[in-house]
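According to full-length UniProt numbering, numbering within the sequence shown proceeds without interruption in unit steps and concludes at 259.
Structure record follows, encoded as structure tokens.
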Amino acid sequence: MSTILEEIIQEKEREVVILKQTYKTKGNLKQKRHVQSLYEMFMQSQYINIIAEIKRASPSKGMINPDVNPPEQGKQYQEHGAGAISVLTDYPFFKGTMDDLSAVREAVDLPVLNKDFIIDEIQINRAKDYGANVILLIAAALPKHRLQQLFTYAREQDLEVLFEVHNEAELKVAKEIGATIIGINNRDLKTFEVDLATTEKLAALIDTEKTLVISESGIKTTADVERIKQVGVRGILVGETMMRSRHLEKTFAELRIQL
Ligand SMILES: O=C(O)c1ccccc1NCC(=O)[C@H](O)[C@H](O)COP(=O)(O)O
Numbered sequence: 001m002s003t004i005l006e007e008i009i010q011e012k013e014r015e016v017v018i019l020k021q022t023y024k025t026k027g028n029l030k031q032k033r034h035v036q037s038l039y040e041m042f043m044q045s046q047y048i049n050i051i052a053e054i055k056r057a058s059p060s061k062g063m064i065n066p067d068v069n070p071p072e073q074g075k076q077y078q079e080h081g082a083g084a085i086s087v088l089t090d091y092p093f094f095k096g097t098m099d100d101l102s103a104v105r106e107a108v109d110l111p112v113l114n115k116d117f118i119i120d121e122i123q124i125n126r127a128k129d130y131g132a133n134v135i136l137l138i139a140a141a142l143p144k145h146r147l148q149q150l151f152t153y154a155r156e157q158d159l160e161v162l163f164e165v166h167n168e169a170e171l172k173v174a175k176e177i178g179a180t181i182i183g184i185n186n187r188d189l190k191t192f193e194v195d196l197a198t199t200e201k202l203a204a205l206i207d208t209e210k211t212l213v214i215s216e217s218g219i220k221t222t223a224d225v226e227r228i229k230q231v232g233v234r235g236i237l238v239g240e241t242m243m244r245s246r247h248l249e250k251t252f253a254e255l256r257i258q259l
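Structural data, given as structure tokens:
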């Protein structure tokens, strides 16, 4: 039986074939000139910084917030202290779109992450065209030589790269490729279980003075953040908790704790 990641990647392979036939680069129309580097901002901050995510639905939770207005949500995140905004742009599994990304880009001044499953340079071109400052590369999705090529290509386009790992072998690849922003995903993509022990285990193997470590998935409470702060994590990526929150000010105050 295939894993959800394998299913998603198969879908992306189909999407890339179509993109290559139809997509014409728009020449980076949506790029804002003075967006601060996510790495610099998070490394200098005295607080745990939050990448707040816009996510209508997910394979593990089904529909989460189908009626969200992405630019409004992005503005709210910025107002309440987000360090960056993540926009899920995959439609088949997460009900996001590239237009969500460009609308958020227009609405906020923060770095914007194009959260998608990137397997080809053409998706990186598109991410930049729609206004992303940061892209995601998932170690489990591709062989090392392709990850290296895509990482280098993204950096050449002036995009920062959040390099996501789930285990020690993937972390080794992240280090060999030269990733400076490493996302440790607490969600097991086979069982969907989330376990913050994944962050604790892997962050301990990273030089957190030089590498920005972001803990991803399943973060809900101050106690969760206190726990991962102990191992040098400086940033958290939070989707569901933000999308379900009815009091974003309170949610940010609970999660954006002092380092
Ligand atoms: O969220 C899922 O169900 C999921 C399934 C398969 C691949 C990726 C998935 N999520 C992407 C993410 O990385 C999360 O959206 C992100 O870390 C935020 O997680 P959460 O705070 O738990 O919504």
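The C-beta atom is built at its ideal place from N, Cα and C for all residues, glycine as well.
These numbers come from a predicted model, not from an experiment.
*Straight-line gap, Ile-124 to Leu-136 (C-alpha atoms, nearest Å)*: Stepping through the sequence shown from its first residue, residue 124 is reached at position 124. Stepping through the sequence shown from its first residue, residue 136 is reached at position 136. Pairing Ile-124 with Leu-136, the inter-Cα distance amounts to about 10 Å.
*Measure the alpha-carbon distance for Leu-147 versus Gly-183 and round it to whole angstroms.*
As a working note, residue 147 is residue 147 in the sequence shown. As a working note, residue 183 is residue 183 in the sequence shown. Roughly 15 Å separates the two Cα atoms.
*asked:* For ligand 1, I want to know if Ser-217 counts as a neighbour, meaning its beta carbon is within less than 7 Å of at least one of the ligand's heavy atoms.
replied: As a position in the sequence shown, residue 217 is number 217, starting the count at 1. Flag set: Cβ of Ser-217 near ligand 1.
*Taking the CB atoms as reference points, tell me whether Val-241 and Ile-214 lie closer together than 8 Å.*
By one-based count along the sequence shown, residue 241 stands at place 241. By one-based count along the sequence shown, residue 214 stands at place 214. Just to set this straight, residue 241 is Thr in the shown sequence, not Val. Taking 8 Å as the Cβ cut-off, Thr-241 and Ile-214 do not qualify as a contacting pair.
*State whether the segment 199-207 contacts the segment 157-176, with contact taken as three or more CB pairs (one from each stretch) at a distance under 8 Å.*
Touching, per the Cβ criterion.
*asked:* Tell me the residue span of the beta strand (DSSP E) that contains Val-112.
replied: Sequence index remark: in the sequence shown, residue 112 carries index 112 (1-based). Following the DSSP letters along the chain, one finds Val-112 inside the beta strand (DSSP E) bounded by residues 112-115.
*Looking at the unbroken beta strand (DSSP E) that takes in Ser-215, where does it start and where does it end?*
Taking the sequence shown and counting its residues from 1, the one referred to as residue 215 is at position 215. For Ser-215, the enclosing beta strand (DSSP E) starts and ends at 212-216.
*Terminal residues of the continuous beta strand (DSSP E) containing Phe-94?*
Along the sequence shown, read from residue 1 onward, the residue named residue 94 stands at position 94. No beta strand (DSSP E) contains Phe-94, which DSSP labels as neither H nor E.
*asked:* Please tell me whether Thr-251 has its Cβ less than 8 Å away from any Cβ of chain C.
replied: Looking for chain C here will not work: only one protein chain is present.
*May I ask you to verify whether the segment 18-27 touches the segment 45-55, counting CB pairs closer than 8 Å and requiring at least 3?*
In this structure the segment 18-27 does not lie against the segment 45-55, because fewer than three pairs of beta carbons, one per stretch, are closer than 8 Å.
*Look at the alpha carbon of Arg-126 and the alpha carbon of Asp-99, and state the distance between them as a whole number of angstroms.*
For the purposes of this step, residue 126 is taken as the residue at position 126 of the sequence shown. For the purposes of this step, residue 99 is taken as the residue at position 99 of the sequence shown. Arg-126 and Asp-99: Cα-Cα distance of roughly 11 Å.
_Contacts around Ile-9, its chain only, beta-carbon distance under 7 Å, and the 5 residues preceding and following it disregarded_ = Here residue 9 is taken as the residue at index 9 of the sequence shown, counted from 1. Beyond the five residues adjoining it in sequence on each side, Ile-9 comes within less than 7 Å, by CB distance, of Phe-117, Ile-119, Ala-141 in the same chain, given in chain order.
*With respect to 7 Å, is the separation between the Cβ of Lys-61 and the closest non-hydrogen atom of ligand 1 below this value?*
Translated into positions along the sequence shown, residue 61 becomes position 61. Under cutoff, so the answer is yes.
*asked:* Taking its Cβ as the centre, do 16 or more other Cβ atoms sit within 10 Å of Met-63, making it buried, or is it exposed?
replied: Translated into positions along the sequence shown, residue 63 becomes position 63. Using a 10 angstroms sphere on the CB of Met-63, the tally of other CB atoms stays under 16, which defines it as exposed.
*Member of Ala-82, Lys-55, Asp-129, Tyr-47 whose CA lies at the smallest distance from the CA of Leu-248*: Here residue 248 corresponds to residue number 248 of the sequence shown, with the count starting at 1. Nearest C-alpha to Leu-248: Ala-82.
*If you compare alpha carbons, which of Gly-131, Ala-57, His-80, Ile-85 is closest to Gly-96?*
Against the sequence shown, residue 96 aligns to sequence position 96. It is Ala-57.
*Just checking my contact of Ile-138 with Val-112 at CB under 8 Å: how many whole Å lie between their CB atoms?*
Here residue 138 refers to the residue found at position 138 when the sequence shown is read from its first residue. Here residue 112 refers to the residue found at position 112 when the sequence shown is read from its first residue. Incorrect: roughly 18 Å between the Cβ atoms, too far for contact.
*Take Leu-38 and list the residues in its own chain whose beta-carbon comes closer than 6 Å to its own, dropping the five residues that flank it on each side.*
Here the question's residue 38 lines up with position 38 in the sequence shown. Around Leu-38: Ala-84, Pro-111, Val-134, Glu-160.
*List the whole-angstrom C-beta distance separating Tyr-47 from Ile-228, where the pair is believed to meet the contact cut-off of C-beta under 8 Å.*
Along the sequence shown, one-based indexing puts residue 47 at 47. Along the sequence shown, one-based indexing puts residue 228 at 228. Between the beta-carbon of Tyr-47 and that of Ile-228 there is about 14 Å, and that puts the pair past the 8 Å contact cut.
*Which residues mark the beginning and the end of the alpha helix (DSSP H) in which Glu-249 is found?*
In the sequence shown, counting from the first residue as 1, residue 249 sits at position 249. In the DSSP annotation of this structure, the continuous segment of the alpha helix (DSSP H) that includes Glu-249 starts and ends at 248-255.
*Below 8 Å on the Cβ atoms is my guess for Gln-77 versus Leu-101; work out the distance and round it to an integer in Å.*
Walking along the sequence shown from the start, residue 77 turns up at place 77. Walking along the sequence shown from the start, residue 101 turns up at place 101. The question names Gln, but residue 77 is Tyr in the sequence shown. By a beta-carbon distance limit of 8 Å, Tyr-77 does not contact Leu-101. Their separation comes to about 14 Å.
*asked:* Cutting at 6 Å between CB atoms, please list the residues of its own chain near Glu-254, excluding the five before and the five after it.
replied: Your numbering for residue 254 matches position 254 in the sequence shown. For Glu-254, the CB contacts under 6 Å within the same chain, skipping 5 residues up- and downstream, are Thr-222 in chain order.
*For Ser-2, the first and last residue of its enclosing alpha helix (DSSP H)*: Position 2 of the sequence shown, counting from 1, holds the residue named residue 2. Where Ser-2 is concerned, there is no enclosing alpha helix (DSSP H), given that its DSSP letter is neither H nor E.
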